[in-house]
Amino acid sequence: PRGMKRAAMGEPEKVKCSIITGFLGAGKTTLINHILTGDHGLHIAIIENEFGEVGIDDALVMETKEEVFEMNNGCVCCTVRGDLIRIISKLLKRKKKFDHILIETTGLADPAPVAQTFYVDEDVKAGCVLDAIITVVDCKHIMQHLDEKKPEGVVNEALQQVAFADRMLVNKVDLVSKEELSGIKQRLRKVNRYADMVETEKSKIDLKKILGIGAFNLTRVVEIDENFIPKDDAHSHDSHDSHDHDHDHHHDHKHDDAVSSVGITAEGNVNMEMVNYWLSNLLQTKGEDLYRSKGILSIDGSNDKYVFQGVHMLLDMATSAEGVGKPWQPGEKRVNKLCFIGKNLDRAALEKDFRACLV
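Heads up: the sequence shown is residues 155 to 513, going by this note's numbering.
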């Protein structure tokens, strides 16, 4: 009946997709198990990507109503797009529509290539919408993963997974003390200030808290409340004002210096051409280090709100004229809000260059 209802409405509803990421052993498989066996009445497809020769545990799959598809080619980054696009296209052609598709990335992968699939492939874009990146964090071991010193040029995956998250499942809270938990949450907040955290034991969670949260929905970006950019936008971990091009400086101090969140709020209007040029240039030169970016812009000469959301070099922009949020209202304070999460971000330069676009 659900399919018929959609057909009657004309425009088929897009299938929501979520990416589940987290370090090896953080509890992703347990979470997927809960989803597979849970009594939630949803028809969910799970795309697994296991790192290594042995695929997913068959016992886990057999007892489920849901279906599990596997990309067993090891590393998700290299071959992921073709494989993922092929599987998603197949799922979309089925008669019985899925309510949700979950993509589980291996503990070694950077979620970006998976997220970018939803920006680059036309078929995937037409049938699916990226809902959120969910990162499962293992309380017991996360600190050592975050602090791990990596050789020059090697990515710290745990840091990257936290930086990319829209929602963090702070898992295994029963294995740490209250004080430890508080320290862990503070530390995660330092890397990613904008993701909601949900504390869990054995990855048990109400699915409403992780499915259908619309984190990549541009309309949601507009509704970002005042906490979008915290008032105490701390400058303490931004030590790269003068040497953002020289990465050798950062290997003596702790890793949290390298990955941080930068928030900018500025009242007034920006020049459309200048801000466009600035953003394109930023993505071209810094795209690799820029994990997530989102923002609301007030453009000079227009009452429409402009909203953008991006992963690395790929940026999606829309306006209230296209139905994303409401236009600026008479008497409403026109405030630009931007947020960037990434590696070696130069807060002072970002702020200065953005303010140069103000009229």
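Using N, Cα and C, we set each Cβ at its ideal position, and we do this for glycine too.
On the criterion of 16 or more Cβ atoms from any shown chain inside 10 Å, does residue i qualify as buried, or is it exposed?
i, result
"N310", "buried"
"G307", "exposed"
"S336", "exposed"
"P481", "exposed"
"V169", "buried"
"V327", "buried"
"E202", "buried"
"V274", "exposed"
"R248", "exposed"
Residue i to residue j, Cα distance in whole Å?
i, j, result
"F494", "R446", "6 angstroms"
"Y460", "L329", "44 angstroms"
"Q483", "L433", "26 angstroms"
"L451", "V465", "18 angstroms"
"T259", "V513", "44 angstroms"
"A412", "N498", "5 angstroms"
"I287", "N457", "32 angstroms"
"G195", "I189", "10 angstroms"
"H295", "I241", "33 angstroms"
"L143", "C511", "What the structure shows of the chain is the stretch from 155 to 513, and residue 143 is not part of that stretch, so it cannot be assessed."
"A420", "A503", "15 angstroms"
"A266", "F318", "8 angstroms"
"M514", "T191", "The requested residue 514 does not occur in the structure, where the chain is confined to residues 155 to 513."
"L256", "Q340", "28 angstroms"
"E333", "V290", "20 angstroms"
"L323", "D507", "35 angstroms"
"L468", "R501", "21 angstroms"
The beta strand (DSSP E) spanning residue i covers which residue range?
i, result
"L284", "C282 to D292"
"S434", "Careful: S434 lies outside any beta strand (DSSP E), inside the alpha helix (DSSP H) at M426 to K440."
"H254", "H254 to E258"
"F494", "V489 to K497"
"G307", "It is not in any beta strand (DSSP E) - G307 carries neither H nor E in the DSSP assignment."
"I124", "Nothing can be reported for residue 124: it is not among the residues displayed for the chain, which extend from 155 to 513."
So what does DSSP say about residue i, is it helix, strand or coil?
i, result
"S115", "Past the boundaries of the shown model lies residue 115; the chain is included only from 155 to 513, so the question cannot be answered."
"N325", "strand"
"E334", "helix"
"F508", "helix"
"R248", "coil"
"G181", "coil"
"R347", "coil"
"V513", "coil"
"A503", "helix"
"K168", "coil"
"E202", "strand"
"K448", "strand"
"V514", "Residue 514 lies beyond the residue range present for the chain, which begins at 155 and ends at 513; the question has no answer from this structure."
"E421", "strand"
"I189", "helix"
Whose C-alpha, out of the options, is nearest the C-alpha of residue i?
i, options, result
"N423", "E486, N435 and V478", "E486"
"K356", "N498, T175 and G181", "G181"
"Q315", "E306, R343, K332 and K363", "R343"
"A280", "L246, L256, E258 and K294", "L246"
"V352", "N371, G368 and N325", "N325"
"K251", "L504, E167 and I338", "E167"
"T373", "N430, M471 and D277", "M471"
"I173", "H299, I453, D277 and L365", "L365"
"N490", "G441, G417 and E442", "G417"
Can you tell me where the alpha helix (DSSP H) holding residue i begins and where it ends?
i, result
"Q463", "Premise fails: Q463 lies in the beta strand (DSSP E), K459 to V465, not in any alpha helix (DSSP H)."
"T473", "No alpha helix (DSSP H) contains T473, which is instead part of the beta strand (DSSP E) from L468 to T473."
"F318", "E311 to F318"
"D350", "Premise fails: D350 lies in the beta strand (DSSP E), D350 to E353, not in any alpha helix (DSSP H)."
"V274", "A266 to V274"
"I537", "With the chain covering 155 to 513 only, the question about residue 537 has no answer from this structure."
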